[in-house]
Amino acid sequence: MLEIKPIFNALCRSKVGAVLLLIQIAITTAIVSNAAFIIQDRISYLNQETGYPEQDIFKFNVMTFGTDINLSQQFELDESMLRKMPGVVDAALSSSIPLSGSGSASSFNLQPAPQEGLSVRTAYFFIDDHAINTYGVNLIAGRNFTEDEVLVTNEITQKRTNVTIVTKALLDELYPDGDGLGKIVYFGDLPLKVIGVIGNMKGPWLKDSKPDNLAFIPYIKAASYAQVAVRTEPGQRAAVMKEIENAMLENYSKRVINNIKGLDELKNEYTAKDRLMMRMLIVLITILVLITALGIFGLTLFNISKRTKQIGTRRALGARKSAIVSYFLVENALICSLGLALGVVTAILLGKMLMQYFSVAALPPSYIAVTAIVVLLMSLLAVLGPAKRAANISPSIATRTI
2 MLEIKPIFNA
12 LCRSKVGAVL
22 LLIQIAITTA
32 IVSNAAFIIQ
42 DRISYLNQET
52 GYPEQDIFKF
62 NVMTFGTDIN
72 LSQQFELDES
82 MLRKMPGVVD
92 AALSSSIPLS
102 GSGSASSFNL
112 QPAPQEGLSV
122 RTAYFFIDDH
132 AINTYGVNLI
142 AGRNFTEDEV
152 LVTNEITQKR
162 TNVTIVTKAL
172 LDELYPDGDG
182 LGKIVYFGDL
192 PLKVIGVIGN
202 MKGPWLKDSK
212 PDNLAFIPYI
222 KAASYAQVAV
232 RTEPGQRAAV
242 MKEIENAMLE
252 NYSKRVINNI
262 KGLDELKNEY
272 TAKDRLMMRM
282 LIVLITILVL
292 ITALGIFGLT
302 LFNISKRTKQ
312 IGTRRALGAR
322 KSAIVSYFLV
332 ENALICSLGL
342 ALGVVTAILL
352 GKMLMQYFSV
362 AALPPSYIAV
372 TAIVVLLMSL
382 LAVLGPAKRA
392 ANISPSIATR
402 TI
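FYI, in the numbering used here the residues of the sequence shown are 2 to 403.
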């Protein structure tokens, strides 16, 4: 049975290397545990259900410079043409596009603004009666807009729409008792009757404080710049996207059709920084673990070179190879345990700092525990090779070093 005290005394005689390794283990534990949690959090964020058949939807922009047409009538012709294209399920004008990172948000209230009362942040889309089908979402209660309820205008008008369709998340915030269907909500001072409820559906921003809060308002402002969303049959999107520019220009040539992108492509662009951060954190974790393993390996080799005579003497006195290996394993475990203890404290402090400055969720203890186990196993594996080399030192070679 090896005693801890002789090992501890040996470490004290060469404490600089041991202290540096201890600090390295602590830093690795703190950073790796927090980085692993952030990576897992980002994976969950990137894989969250959006509510859309992303692979079947695309959007494009229309910039009209011709002045010889009525835009409202032209958009009706465009939508009718799009819906008749082979492979197209439906198409709709939309003031904002989901998952794009660009859109509009406001407060929905139970009282007309600026009266005080419950106010809930929500994104909103100005759309027509085809948007529900175009985006491939399902009404879980109520009904869709009728064509007559959609207000289409070329200019600012005093006319106002009076209905809306909202997500369940938004309605539950405004009416927690679940009786919001058919009730009135206020968009500023505009009263809107909730005629339909959508299930899970994200707005323009996945990172928003209320990403599930979304309202559809049946209003189309026929302007020179417009965005159009199109849903296709599964597997037909690429073919339709290739034909869309020519088809639109054949309908009316004095305009530009651009920014033709799939919904999944928009989502990938929006989340590009998050995926880059994940890759950087993975590289950081890999580098830290490798450096720590190399540090343990190097320190053990250094200690062996300094203790060749001591090891040879122990072998001459009958010490088994397993005893030599165990000695270095215990020595390493002692350094690693002290480093892990310091690392746990550092990980907690780092996690709190990330919570305070970057709004990261609290670091679960399980991540610290798993990281500590991984670091301990890695350190034992790193020292195993040098320890076996030390065990193979023959007493005669050690004697010649006298």
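Backbone N, C-alpha and C fix where the C-beta goes; we use that ideal spot for every residue, glycine too.
Here's the rule: buried if 16 or more other CB atoms are within 10 angstroms of the residue's CB, otherwise exposed. What is residue i?
i: A432; result: As displayed, the chain neither begins before 2 nor continues past 403, which places residue 432 out of reach and without an answer.
i: E174; result: buried
i: L285; result: exposed
i: V17; result: exposed
i: M356; result: exposed
i: D57; result: buried
i: E270; result: exposed
i: R276; result: exposed
i: M279; result: buried
i: K389; result: exposed
i: S81; result: exposed
i: K274; result: exposed
i: Y328; result: buried
i: G313; result: buried
i: I288; result: exposed
i: T68; result: exposed
Residue i to residue j, Cα distance in whole Å?
i: F61; j: D79; result: 13 Å
i: P235; j: Y187; result: 38 Å
i: E148; j: I199; result: 19 Å
i: F298; j: P54; result: 51 Å
i: M2; j: V361; result: With a pLDDT of 46 at M2, under the threshold of 50, the predicted position of this residue should be treated as unreliable, though the coordinate-derived value follows. Distance between the alpha carbons of M2 and V361 is about 46 Å.
i: Y358; j: Q25; result: 25 Å
i: Q49; j: I349; result: 27 Å
i: E244; j: F59; result: 13 Å
i: N214; j: G181; result: 14 Å
i: K194; j: P219; result: 12 Å
i: K85; j: S105; result: 30 Å
i: S108; j: V290; result: 48 Å
i: I185; j: T165; result: 9 Å
i: R315; j: L381; result: 22 Å
i: A239; j: I258; result: 16 Å
i: G124; j: L207; result: Contrary to the premise, residue 124 reads as Ala rather than Gly in this sequence. Taking the straight line joining both Cα atoms gives about 11 Å.
i: V167; j: R161; result: 18 Å
i: E332; j: L21; result: 15 Å
i: V375; j: T30; result: 9 Å
i: P365; j: H131; result: 45 Å
i: F38; j: Y368; result: 7 Å
i: Y46; j: P205; result: 15 Å
i: N304; j: V371; result: 29 Å
i: P99; j: A92; result: 14 Å
i: K310; j: L330; result: 19 Å
i: K408; j: C337; result: The structure shown does not extend to residue 408, since the chain is modelled only from 2 through 403, so no value can be given for it.
i: A342; j: I8; result: 19 Å
i: K307; j: L378; result: 25 Å
i: L172; j: G179; result: 8 Å
i: A19; j: I5; result: 15 Å
i: N155; j: R43; result: 43 Å
Suppose contacts are defined by Cβ-Cβ distances below 7 Å. Is residue i in contact with residue j by that definition?
i: G197; j: G137; result: no
i: T293; j: P387; result: no
i: A223; j: S73; result: yes
i: F217; j: I128; result: yes
i: R232; j: V63; result: no
i: G344; j: A27; result: yes
i: A383; j: K322; result: no
i: I40; j: L250; result: no
i: G52; j: N201; result: yes
i: R256; j: T135; result: no
i: R122; j: K262; result: no
i: A317; j: P396; result: yes
i: G340; j: N35; result: no
i: L119; j: A227; result: no
i: S96; j: F126; result: yes
For residue i, which residues does DSSP report across the bridge?
i: T123; result: S107
i: R256; result: T65
i: V153; result: I221
i: G386; result: Partner(s): none; G386 has no beta bridge.
i: S95; result: I128
i: A363; result: Answer by DSSP bridge pairing: none, since A363 is not bridged.
i: V164; result: K194
i: L140; result: I199
i: K262; result: K60
Taking 6 Å as the line, does the beta carbon of residue i fall inside it for any heavy atom of the ligand HEM?
i: L267; result: Because no ligand of any kind appears in the structure shown, any question about the ligand HEM cannot be addressed here.
At what residue ranges does the segment 33–92 contain a whole run of the alpha helix (DSSP H), taking only runs of 4 or more?
Qualifying alpha helix (DSSP H) stretches, in chain order: 72–85.
Identify every run of the beta strand (DSSP E) within the segment 302–358, keeping only runs that are complete inside it and at least 3 residues long; order them along the chain.
Runs of the beta strand (DSSP E) lying entirely within the segment 302–358 and spanning at least 3 residues: none are present.
What are the complete beta strand (DSSP E) segments, minimum 3 residues, inside the segment 167–234?
Qualifying beta strand (DSSP E) stretches, in chain order: 185–188, 191–199, 215–222, 226–233.
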